[in-house]
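Numbered per this note's numbering, the sequence shown spans residues 67 to 363.
Reading through the structure tokens given below for one structure.
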Amino acid sequence: MKKNIFNKYLLVAGIASVAIFSGCRKETAADKVGGQAANNGLSFIGFPDGLEQAHFFDPFTDVKTVDVFSIKRDAKSAADLQKDQTVVLKSVPDAIDKYNDDNGTAYELLPTSLYTISSTKVTATTSGNLNAKFAPGDFQNYFTIKLDGSKFDLSKKYALAYVISDAAGLTIHAASKDTLYTFFAIKNKYDGAYHSTGTFHHPTAGDRAIDRDKTLTTAGATAVSTEIGDIGGSMTLTVNEATNVVTVSGNVSASQPLIPVPGKTSTYDPATKSFILNYQYTGGGGFRVIEETIKHK
Numbered sequence: 067m068k069k070n071i072f073n074k075y076l077l078v079a080g081i082a083s084v085a086i087f088s089g090c091r092k093e094t095a096a097d098k099v100g101g102q103a104a105n106n107g108l109s110f111i112g113f114p115d116g117l118e119q120a121h122f123f124d125p126f127t128d129v130k131t132v133d134v135f136s137i138k139r140d141a142k143s144a145a146d147l148q149k150d151q152t153v154v155l156k157s158v159p160d161a162i163d164k165y166n167d168d169n170g171t172a173y174e175l176l177p178t179s180l181y182t183i184s185s186t187k188v189t190a191t192t193s194g195n196l197n198a199k200f201a202p203g204d205f206q207n208y209f210t211i212k213l214d215g216s217k218f219d220l221s222k223k224y225a226l227a228y229v230i231s232d233a234a235g236l237t238i239h240a241a242s243k244d245t246l247y248t249f250f251a252i253k254n255k256y257d258g259a260y261h262s263t264g265t266f267h268h269p270t271a272g273d274r275a276i277d278r279d280k281t282l283t284t285a286g287a288t289a290v291s292t293e294i295g296d297i298g299g300s301m302t303l304t305v306n307e308a309t310n311v312v313t314v315s316g317n318v319s320a321s322q323p324l325i326p327v328p329g330k331t332s333t334y335d336p337a338t339k340s341f342i343l344n345y346q347y348t349g350g351g352g353f354r355v356i357e358e359t360i361k362h363k
């Protein structure tokens, strides 16, 4: 199967580069596979595209076919390539929690309600593990799913995690011995890295400047979430793409919702990719008024 790519980008910078395996390699001293000598009399199994693979999509409501990852058999000889072998990939959902702890992310296990498996060579078992079946002559198989965009929660990011638990007599490539992570997220055009400047007007403490980097994260087809001013918390910015008017929503606390500043409108400028915001919330002494421009880097 030819690998399909649609709106797919790297999620994590610095993903290790892994040498492409061949289906059946010549055994010469100069032939290396990820630094391992090819003349060592071994046939390898591994993930040729690395251990962290990201799938980012524009908002969609139909069903997309996604080649989640590939697994490749690097046979040392034509005879080894003709073997019938089934490699087992163990599902390790707890590894996603560890990944989140180590990287400050918030991925959730991709629910089975969001996808069905469409690959015939890499299939699921009742325990949630995967069987990668290599028939004679097979050297690369894809784990392919049909992902239902209508069921995707745009505010969440999902992941799957596997390790090779049974290599079927093959040697696990050194670059594939750890956990394989695949990531899934909807990323609208407003999602990304920004810089915020502006002024926080406090009714009793006076003004202070806002000057900070911010990340805007997809929260809907035309909505993103980010921190409130320079005080933390979370607000949602929803763009009316017909007028470029922005609705600012969120709460500093249960009794402190964000509301518009009378006589001022929050907008989005497509030319500069900037959110020009005016919003406020009440507190002791009066309203805290925030004038903020969040510009894409």
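For every residue, glycine included, the Cβ atom is placed at its ideal position computed from N, Cα and C.
Looking at the DSSP output, Lys-130 sits in a beta bridge with Leu-213.
Annotated three-state conformation of Asp-146 is helix, per DSSP. In this structure, DSSP gives Ile-297 a state outside helix and strand, which the three-state scheme calls coil. Between Leu-196 and Val-188, the C-beta gap is smaller than 8 Å, which places the two residues in contact. Spanning the alpha carbons of Asp-279 and Ala-198 requires a straight line of approximately 44 Å.
The alpha-carbon of Asp-214 is positioned some 15 Å away from that of Ala-225.
Taking a contact as a CB-CB distance under 8 Å, the pair Thr-186 and Val-132 does not count as one, their CB atoms being some 16 Å apart. The Cβ atoms of Asn-310 and Pro-336 lie closer than 8 Å to each other.
In the DSSP annotation of this structure, the continuous segment of the alpha helix (DSSP H) that includes Ala-161 starts and ends at 160-169.
In this structure, the alpha-carbon of Tyr-173 lies about 26 Å from that of Ile-360.
By the Cβ test, the stretch 336-355 is in contact with the stretch 264-283, since at least three Cβ pairs between them sit closer than 8 Å.
Beyond the five residues adjoining it in sequence on each side, Gln-346 comes within less than 8 Å, by CB distance, of Leu-324, Ile-325, Pro-326, Val-327, Phe-353, Arg-354, Val-355, Ile-356 in the same chain, given in chain order. Secondary structure note for Ala-275: its beta strand (DSSP E) is the uninterrupted segment 272-286.
When the Cα atoms are used, Ser-332 and Thr-313 turn out to be separated by approximately 7 Å. Relative to the Cα of Lys-156, the nearest Cα in the group Phe-123, Ser-193, Ala-287 belongs to Ser-193. Beyond the five residues adjoining it in sequence on each side, Gln-151 comes within less than 6 Å, by CB distance, of Phe-200, Ala-234 in the same chain, given in chain order. Boundaries of the beta strand (DSSP E) harbouring Phe-250: 246-252, taken from the DSSP string. Distance from the Cα of Phe-110 is smallest, within the candidate group Ile-276, Ala-240, Thr-263, Thr-283, for Ala-240.
Taking a C-beta distance under 8 Å as the contact criterion, Lys-149 and Pro-202 qualify as a contact pair. When the beta-carbon positions are compared, Val-158 and Ala-227 come within less than 8 Å of each other.
Tyr-256 and Phe-249 have their C-alpha atoms some 19 Å from each other.
DSSP places Ser-136 in the strand class (E or B) of the three-state scheme. If you draw a 10 Å sphere on the C-beta of Ser-321, you find fewer than 16 other C-beta atoms in it, and that means exposed. Per DSSP, reduced to three states, the secondary structure at Ala-259 is strand. Per DSSP, the beta bridge partners of Thr-182 are Lys-212.
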